[in-house]
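Below is one structure, written out as C-alpha cells; comments come after it.
Chains as they are written, first to last, in the numbering used here: chain D, 6 to 310; chain H, 6 to 310.
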C-alpha cells in the first residue's frame, strides 16, 4: 500500500498543506499501519500523534516511528478503537480507511466512532469528502475470458460457477477507452457529518452513451478530497481516467449485453448495503432500463466478499 | 487454478494415458476442488470416484459433476479425509496437492494418510514422483525494488520492514536469463513410499556458476511426474525454463551479494521444515559458502507464511 504513490503522496501533500493547522496540535491516526501518516503529521508540527492499529503491524509502527526520531511525539496504541481511552480530545483525525469500491471492508465506521468520541468540535478530518461514481463499459474480450470461460472447462459444463462468477464484482484496471458513457456520481459522503446509517443507501442514476457500442458491465470508483486552508482541496481519483492506484476500479458484469447508440439514455438504481448475515460482505444491486424502443431491463445482484 | 493449463492438461494427459488402469476401477480424488480430476477419471472409465474436499467448493463439485452426467459415478464427500470412511479400498489415488515451493501449504500429508488408509497394495498414485530443485540468480533490479525500497520510504527509515521482507521468500516468475548457475535437485519424493517424517529434511547442494556475475538470491521450484503404462512418465516442470504455471518460482534473497566467476563452485545446505509454533508456516534455512579465495559465507533464515 505504501507503494501506491498516488495515495501516499496525496496524504503527504494534504497534511503538509495544513501544517498551520497541525502545528502544536493533537492528532489521531485511525488504522495507522506502519505509521507513515503519523510521521507526516509529526513532521508537519503536531505536538502529539496517537497512532491506533489493532493488528500486528502496530509493533512495527512503534519500531519505525522510534527509529525515525518520533518516539516522543507519536504514541502507537495496539488495540481496537472501541477499547481505547485517550487522555485528551484531538484537533485532527487522519485515516486511510477506504476499501475497494470505497465501502468494501472499509474502516469508515471506525473513523466515525473516533470522530464522535475524540474529535474536538470544529476539528479537522483528513480526508473529509469522498464521492462514489459509476459509468458503463464495453468489455467483450475480458468478460468472455472471465465469465465465458466457465461455459466449457476442458470440455465440461461449469455454468454453476459462471453464475457465481457473475455475482462477484471484479477489482481491476479498466482502460479509459472501454468507457461508453459519461460518468455520474451516485453517493457523496461528507465525513464531518455523515452517520453510519447513511452508508447503506439506494441511489437513482442516469447515464448517457457517448457512442454506438455494446455495454457489458457497469464500473464503479471513488474520488477523495482533503480540505486545505486556501480552499483548494487536495484530491485524487481512482477512476479509469486517473493514474493507477491499488484500488483500481470495480467491474459489475451484467447478465445481458446492452446495445446503445450515441446519446442514448440509460437509467436505473443502485443499492449498496452490508450483507445481513456477514456485515463484512457488501451486497450491491444494480437495476437498469434503456430508454426508447427495444427497451432492455435487468436487475443484477452482486456480493463483494 | 483451472486456468493453469500446464497443470490441468498434465493431469488429463496422465489420466487418459492410464485409461487401461482406470477402466472399471475405484478412484479417490484427494482435495477434489470443483471435481475436474474426478471427471477426467470418470471419462477414463473409472467405475466409481470418491471426490473428497472439506471446503465449500464441494457443494459446487456436486452440482458440476451431476450437470456433466457423472452423478452415478462420482460421489462428492464434503469432509476432512480423517473423518471419511469408504465402503471399499481404492485402486487409484489422484490429487493435486502441491503448494508453492512444493511444500508450502501442501496437502501431501493428507495424500499420505489417504494412501495408508485406502489404497490397495500396489495401487496407483498420480502423480507419484516430485523433485525440488534450486539454482542461484542475478536479480539486482528487482531486489532493489522489493528490498531496497524499505531503506527510504518517503524520506523515512523502514529498515525493520526490510529485515522482515528479506525473510519472506517471494513467489514470482523469474526470467531464465537471470539464472547464473546450473540447477541441482535437493529433494526427490516418491509418493508411493515416502513417510511424513521425510518431508522435513536437510540437504547438501553444490552449484556451479555458468558465467561471471553477481548472485542476489537462490531460486526454488519443483518438477512433477506421473507414471504411465509405457514407462514414459507424463511430466511438467515449474522451473524458470518451463511454461508458466500458477506455482511460478520461489525467490530466496541473500543478505549479501555474492560475486562469482564462470566455473566457480558454490556449496551449502538447505533445511526445510514446518514451523514449530504454526505448522502451516514453512521454515527454510539456506547456508552457502563460496569456494576459493575471498570466501563468502552466510546463513539465511526464511519463513513462508
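No residue lacks a Cβ here, since even glycine has one placed at the ideal position from N, Cα and C. As the structure is a prediction and not an experimental result, all values here were calculated from the model.
Asked, Found
"From the DSSP secondary-structure annotation, give me the bridge partner or partners of residue 228 of chain H.", "H/136, H/242"
"In this structure, what does DSSP give as the bridge partners for residue 210 of chain D?", "D/273"
"Have a look at D/19, D/251, D/309 and flag the residue whose alpha-carbon is nearest the alpha-carbon of residue 175 of chain D.", "D/309"
"Alpha carbon to alpha carbon, how far is residue 82 of chain H from residue 276 of chain H? Give it in angstroms, no decimals.", "36 angstroms"
"Taking only the alpha-carbon atoms, compute the straight-line gap between residue 117 of chain H and residue 99 of chain H and give it to the nearest angstrom.", "12 angstroms"
"Can you tell me which of H/58, H/272, H/305, H/168 puts its alpha carbon nearest to the alpha carbon of residue 140 of chain H?", "H/272"
"List in chain order: all unbroken beta strand (DSSP E) runs of 3+ residues lying wholly within the region 59 to 128 of chain H.", "79 to 82, 95 to 100"
"For the beta strand (DSSP E) containing residue 170 of chain H, list its first residue and its last residue.", "First-last for residue 170 of chain H: 164 to 172, but that is the alpha helix (DSSP H), not the beta strand (DSSP E)."
"Using a Cβ-Cβ cut-off of less than 7 angstroms, list which residues of the region 45 to 73 of chain H approach chain D; keep chain order.", "65, 68, 69, 72, 73"
"Does DSSP put residue 6 of chain H in a helix, in a strand, or in coil?", "coil"
"In its own chain, which residues sit with a C-beta less than 7 angstroms from the C-beta of residue 303 of chain H, not counting the 5 before and 5 after it?", "259, 260, 261, 293"
"Spell out whether any CB of chain D is found under 8 angstroms from the CB atom of residue 39 of chain H.", "yes"
"Going straight from the alpha carbon of residue 54 of chain D to that of residue 187 of chain H, what length do you get?", "53 angstroms"
"Is the shortest distance between the beta-carbon of residue 7 of chain H and the beta-carbons of chain D less than 8 angstroms?", "yes"
"How big is the Cα-Cα spacing for residue 76 of chain H and residue 70 of chain H?", "6 angstroms"
"Three Cβ pairs or more, each shorter than 8 angstroms: is that satisfied between the region 151 to 158 of chain H and the region 126 to 142 of chain H?", "no"
"Under 9 angstroms, CB to CB, which of the residues in the region 162 to 190 of chain H have a partner in chain D?", "162, 163, 164, 165, 166, 169"
"Whose CA, out of D/213, D/7, D/9, D/22, lies closest to the CA of residue 235 of chain D?", "D/22"
"Select from D/245, D/126, D/16 the residue whose C-alpha is nearest the C-alpha of residue 177 of chain D.", "D/245"
"DSSP on residue 256 of chain D, reduced to helix/strand/coil?", "strand"
"If the cut is a Cβ gap below 8 angstroms, which residues of chain D does residue 17 of chain H touch?", "159"
"Measuring alpha carbon to alpha carbon, tell me which of D/42, D/215, D/254 ends up nearest residue 225 of chain D.", "D/254"
"Rounded to whole angstroms, what is the Cα-Cα separation between residue 122 of chain H and residue 207 of chain D?", "55 angstroms"
"Tell me which same chain residues have a C-beta within less than 8 angstroms of the C-beta of residue 152 of chain D, skipping the five on either side of it?", "167, 170, 171, 258"
"Cβ of residue 233 of chain H less than 8 angstroms from any chain D Cβ?", "no"
"With a threshold of 16 other CB atoms inside 10 Å of the CB of residue 6 of chain D, please say whether the residue is buried or exposed.", "exposed"
"Please classify residue 221 of chain D as buried or exposed, where buried requires at least 16 neighbouring CB atoms within 10 angstroms.", "buried"
"Any chance the region 44 to 52 of chain H sits against the region 109 to 116 of chain H, with 3 or more Cβ pairs inside 8 angstroms?", "no"
"What residue does the beta strand (DSSP E) around residue 191 of chain D start on, and which one ends it?", "189 to 195"
"Anyone know if the C-beta pair for residue 239 of chain D and residue 215 of chain D falls short of 8 angstroms?", "no"
"Could you tell me which of H/95, H/62, H/93, H/101 sits nearest to residue 84 of chain H, measuring between CA atoms?", "H/62"
"Give me the subset of the region 68 to 102 of chain H whose CB atoms are less than 7 angstroms from a CB atom of chain D, sorted by chain position.", "68, 69, 72, 73"
"Tell me the rounded alpha-carbon separation between residue 199 of chain D and residue 15 of chain H.", "55 angstroms"
"In chain D, what lies closer than 8 angstroms to residue 259 of chain H by C-beta?", "Those within 8 angstroms of residue 259 of chain H in chain D number zero; the least Cβ separation is about 23 angstroms."
"Count the other CB atoms within 10 Å of the CB of residue 183 of chain H; is the residue buried (16 or more) or exposed (fewer)?", "buried"
"Determine the burial state of residue 38 of chain D: buried for a count of at least 16 other Cβ atoms within 10 Å of its Cβ, exposed for fewer.", "buried"
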